[in-house]
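Numbering (the numbering used here), first residue to last: 704 to 1336.
Glycine residues also receive a C-beta, built at the ideal position from the N, C-alpha and C atoms.
#1: Among 970, 991 and 957, which one has its Cα closest to the Cα of residue 984?
#2: How would you write the range of the beta strand (DSSP E) that residue 862 sits in, first residue to last?
#3: Give me the residue from 926, 963 and 955 with the minimum Cα distance to residue 943.
#4: Roughly how many angstroms separate the alpha carbons of residue 1232 and residue 1200, rounded to a whole number?
#5: For residue 1083, which three-state DSSP category applies?
#6: Kindly indicate which residue of 1223, 1189 and 1258 has the alpha-carbon position closest to the one of residue 1250.
#7: For a quick check, are the C-beta atoms of residue 887 and residue 951 less than 8 Å apart?
#8: For residue 1295, collect the residues of the same chain with a Cβ closer than 7 Å to its Cβ; drop the 5 residues on either side in sequence, then sort them by chain order.
#9: Given that a residue counts as buried once 16 or more other Cβ atoms are within 10 Å of its Cβ, and exposed if not, what is residue 1336?
#10: If residue 1015 and residue 1058 are in contact, beta carbons under 8 Å, what's the gap, nearest whole angstrom?
#11: Going by the beta-carbon positions, is the gap between residue 923 and residue 841 smaller than 8 Å?
#12: Please report how far the alpha carbon of residue 1147 lies from the alpha carbon of residue 1207, in whole angstroms.
#13: Below 8 Å on the Cβ atoms is my contact criterion, and I expect residue 796 with residue 1017 to pass it. Report the Cβ-Cβ distance as a whole number of Å.
#14: Going by C-alpha to C-alpha distance, which of 1151, 1124 and 1180 sits closest to residue 1158?
#15: Can you look up residue 824 in the DSSP assignment and give me helix, strand or coil?
#16: With a Cβ-Cβ cutoff of 8 Å, do residue 964 and residue 719 count as a contact?
#17: Could you check what DSSP says for residue 878 in three-state terms: helix, strand or coil?
#18: Taking all protein chains shown into account, do 16 or more other C-beta atoms lie within 10 angstroms of the C-beta of residue 1094, making it buried, or fewer, making it exposed?
#19: My parser needs the beta strand (DSSP E) runs of 3 or more residues fully inside the segment 963-990; what are they?
#20: What would DSSP say about residue 1319, mapped onto helix, strand or coil?
#21: Does the beta-carbon distance from residue 1006 to residue 1032 come in below 8 Å?
#22: Using a Cβ-Cβ cut-off of 8 Å (strictly less than) and excluding sequence neighbours within five positions of residue 1272, which residues of its own chain qualify?
#23: Report the rounded CA-to-CA distance for residue 740 versus residue 919, giving the unit in angstroms.
#24: Identify which residue in 979, 961 and 1144 has its Cα closest to the Cα of residue 973.
#25: Are three or more beta carbon pairs between the segment 867-876 and the segment 889-906 nearer than 8 Å?
#26: So, does the segment 709-717 touch the segment 741-755, judging by three or more C-beta pairs under 8 Å?
#27: The alpha helix (DSSP H) spanning residue 1289 covers which residue range?
#28: Ordered along the chain, which non-local residues of its own chain (more than five positions away) have a Cβ less than 7 Å from that of residue 810?
#29: For residue 1141, list the residues DSSP reports as bridge partners.
#30: Tell me the residue span of the alpha helix (DSSP H) that contains residue 1207.
#31: Sorted by chain position, which residues of the same chain lie with C-beta nearer than 6 Å to residue 828's C-beta, five sequence neighbours on each side aside?
#32: What are the boundary residues of the alpha helix (DSSP H) that includes residue 1225?
#33: Whose C-beta lies closer than 6 Å to the C-beta of residue 725 among residues of the same chain, with five residues either side of it excluded?
#34: By how many angstroms is the C-alpha of residue 971 removed from the C-alpha of residue 890?
#35: Measuring CA to CA, which of 793, 1120, 937 and 1238 is closest to residue 768?
#36: Would you say residue 1299 lies against chain B (beta-carbon separation less than 8 Å)?
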């Protein structure tokens, strides 16, 4: 293990060349570990310590162990700062010290221990009304519970919640508590969307709520760590993540390759690549950090290849680059990566891969266990292919495994040969969530996207109802040659009125952020941007045992040669959730359905990835048992 005190920074003067890159290589990722943590070796039972904190609940006192952090050489514990989507403190990485037990992150002391409480009411002195919902911009909430009496004694107490919308979470610090009236005043700057009665929230970072195995709390003023051990401390390896900066920064460096190294126990991000060209991170592990795994901002032709990225407080990889105005691609790529169990702290808009700009490729990856979307895609000319996505959108609502939002000039984006299955809420799709969860969600006027040759299995849910593909207000999207199995709906629509569409898109090409003439040459359909709202193209799709092909069909869609069946028109399920297109089937041939090469989807072995987590993938595909297909082999 190599312990870091400062980031390792490479600038342009340390660049390699295309034929002779600078290589930073470990003998293997399992053998070479760059560590940002401190080993906690001095835990003792609280009952044996000279510590008396009235906030510790008497009924659990005998379960709690404590570490004097000063005995580990820690002279100062930084204050806790948290953010989140629409946080007044900024949606960015706020480095957070965390506790890891035998390689797994432990939850900070919280209440409730699972799920959420609900806001009783809000102060309407600063009312806000949005989409038929009433709330308040003032950071005061009413929660009628005796627990607030204990929270009043916590000087570092925070609340985490989905304060107005179920797709935007943030952390708000408690400023004061009125225990008589059950009012909690939050420290400004507060959540920018406001607050609404009935919304979910929970209390975090409170010693008074340390009440189950695995929870922990740091008394920053007295430099003490409290923890309820989930297993014997004598046999456990316990780490405190303290390093706040990225382990490696490539700043305008080119042709630098980072290979087969593990980066772990950082309080912030893992690796930053800024500017430059031709850099690669290959065969590395980034895990157990509080921020994003790897961020790429600017530059060209950077590649993240065959990496395992997991147990992160925010997202997996950020790909950002290219010039949208002139449609100049950055050509970054995420290939053959296994990204899972992320968005532990900031739970929305922190996907496995965030794609922004022009001309990126995301291919042959596996993404799972994400509280919100696995992929968020902004910009133009991106290719997303051969990825497997499952157990995502587990907590937030009104989201998709893939999410695009808000700009009808995002064109040239293709999703092909991906497998979306077991999207959050699939088991009870009529009961949860309130709005919906989809495999792919094209939101607020996203248009001209190609969705070709994908497989959707148990990939839609929601009381209002999302299909495996949800289209909200967009047009000219092409859904061709896809396979839908056991989804509440294959496709769902949320059409806009003509006036709403015109208000949204009018003069969009002339706002100055894009070269309108160039866009019209590249994407000729933009010449009719204001015409034909809500009209999309659905062709050669095979829909098996879905509740409906098109939910909220407004009869304006152009549908050709789709096959909708409650039986099996030529699909074999060779193992639960693993499918094969039967060659020579007459029904499929009649509609011109082209075979999907299912066995090419997902990870592959190379010199960096010597094994594939087949046990995890097969178990996830088999959740809920085999599909409803009649013919199986």
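Inspection of the coordinates gives the following:
#1: Working through the chain shown from its first residue, we reach residue 984 at position 281. The shortest C-alpha separation from residue 984 is found at 957.
#2: Counted from its first residue, the chain shown places residue 862 at position 159. Where residue 862 is concerned, the enclosing beta strand (DSSP E) stretches over 861-864.
#3: As a working mapping, residue 943 is identified with position 240 in the chain shown. Measuring from the Cα of residue 943, the nearest candidate turns out to be 926.
#4: By 1-based counting over the chain shown, the position of residue 1232 is 529. By 1-based counting over the chain shown, the position of residue 1200 is 497. Rounded to the nearest angstrom, the two C-alpha atoms are 15 Å apart.
#5: For the purposes of this step, residue 1083 is taken as the residue at position 380 of the chain shown. Looking at residue 1083 - three-state DSSP - the assignment turns out to be strand.
#6: Locating residue 1250 in the chain shown gives position 547, where the first residue counts as 1. Of the residues 1223, 1189 and 1258, the one whose Cα lies closest to the Cα of residue 1250 is 1189.
#7: Counting from 1 along the chain shown, the entry for residue 887 is found at position 184. Counting from 1 along the chain shown, the entry for residue 951 is found at position 248. With contacts defined as CB atoms closer than 8 Å, residue 887 and residue 951 fail to qualify as a contacting pair.
#8: By one-based count along the chain shown, residue 1295 stands at place 592. Excluding residues up to 5 positions away in sequence, 1243 and 1264 lie with their Cβ nearer than 7 Å to the Cβ of residue 1295 in the same chain.
#9: Locating residue 1336 in the chain shown gives position 633, counting from the first residue. Low confidence applies to residue 1336: its pLDDT is 40, below 50, so where it sits in the model is not reliable enough to give any reading.
#10: For the purposes of this step, residue 1015 is taken as the residue at position 312 of the chain shown. For the purposes of this step, residue 1058 is taken as the residue at position 355 of the chain shown. The beta-carbon distance between residue 1015 and residue 1058, rounded to whole angstroms, is 17 Å. This is too long to meet the 8 Å contact definition.
#11: For this step, residue 923 is matched to residue 220 along the chain shown. For this step, residue 841 is matched to residue 138 along the chain shown. Contact flag unset, no.
#12: In the chain shown, counting from the first residue as 1, residue 1147 sits at position 444. In the chain shown, counting from the first residue as 1, residue 1207 sits at position 504. If I take the Cα positions, the gap works out to 9 Å.
#13: For this step, residue 796 is matched to residue 93 along the chain shown. For this step, residue 1017 is matched to residue 314 along the chain shown. Between residue 1017 and residue 796 the Cβ distance is about 6 Å, and since that is below 8 Å, they are a contact.
#14: By one-based count along the chain shown, residue 1158 stands at place 455. Nearest neighbour of residue 1158 by Cα position, chosen from 1151, 1124 and 1180, turns out to be 1124.
#15: Position 121 of the chain shown holds residue 824. Three-state DSSP puts residue 824 in a strand.
#16: By 1-based counting over the chain shown, the position of residue 964 is 261. By 1-based counting over the chain shown, the position of residue 719 is 16. Going by C-beta atoms, residue 964 is not nearer than 8 Å to residue 719.
#17: Taking the first residue of the chain shown as position 1, residue 878 is located at position 175. Residue 878: strand per DSSP, three-state reduction.
#18: Taking the first residue of the chain shown as position 1, residue 1094 is located at position 391. Residue 1094 is buried by the Cβ-count criterion.
#19: List check, beta strand (DSSP E) in window: 965-969, 974-977 and 983-985.
#20: As a working mapping, residue 1319 is identified with position 616 in the chain shown. Under the three-state reduction of DSSP, residue 1319 is assigned to helix.
#21: Counted from its first residue, the chain shown places residue 1006 at position 303. Counted from its first residue, the chain shown places residue 1032 at position 329. With respect to residue 1032, residue 1006 sits apart: the two C-beta atoms are not nearer than 8 Å.
#22: Indexing the chain shown from 1 puts residue 1272 at position 569. Once the five neighbours on either side are set aside, the close Cβ partners of residue 1272 are 1245, 1247, 1266, 1288, 1290 and 1291.
#23: Indexing the chain shown from 1 puts residue 740 at position 37. Indexing the chain shown from 1 puts residue 919 at position 216. Linking residue 740 to residue 919 through their CA atoms gives a straight-line distance of about 16 Å.
#24: Numbered from its first residue, the chain shown carries residue 973 at position 270. The shortest Cα separation from residue 973 among 979, 961 and 1144 belongs to 961.
#25: Taking 8 Å as the limit for Cβ pairs, the verdict is that the segment 889-906 does touch the segment 867-876.
#26: Verdict: no, contact absent.
#27: If you number the chain shown from 1, residue 1289 lands on position 586. Segment 1289-1294, the alpha helix (DSSP H) holding residue 1289.
#28: Reading the chain shown from its first residue, position 107 is the one you call residue 810. Setting aside the 5 residues that flank it on each side, residue 810 is surrounded in the same chain by 917 and 918, each with a C-beta closer than 7 Å to its C-beta; the list follows chain order.
#29: Here residue 1141 refers to the residue found at position 438 of the chain shown. DSSP output for residue 1141 lists 1103 and 1163 as bridge partner(s).
#30: Numbered from its first residue, the chain shown carries residue 1207 at position 504. Note, residue 1207: alpha helix (DSSP H), 1201-1208.
#31: In the chain shown, the residue the question calls residue 828 occupies position 125. Closer than 6 Å at Cβ, skipping near neighbours: 841.
#32: By 1-based counting over the chain shown, the position of residue 1225 is 522. According to the DSSP assignment, residue 1225 belongs to the alpha helix (DSSP H) that extends over 1219-1225.
#33: Position 22 of the chain shown holds residue 725. Excluding sequence neighbours, residue 725 sits near 719 and 959.
#34: Position 187 of the chain shown holds residue 890. Position 268 of the chain shown holds residue 971. Taking the straight line from one Cα to the other gives about 23 Å.
#35: Residue mapping note: residue 768 aligns to position 65 of the chain shown, counting from 1. Answer by Cα proximity: 937.
#36: Protein chain content of the structure displayed is limited to a single chain, and chain B is not contained in it.
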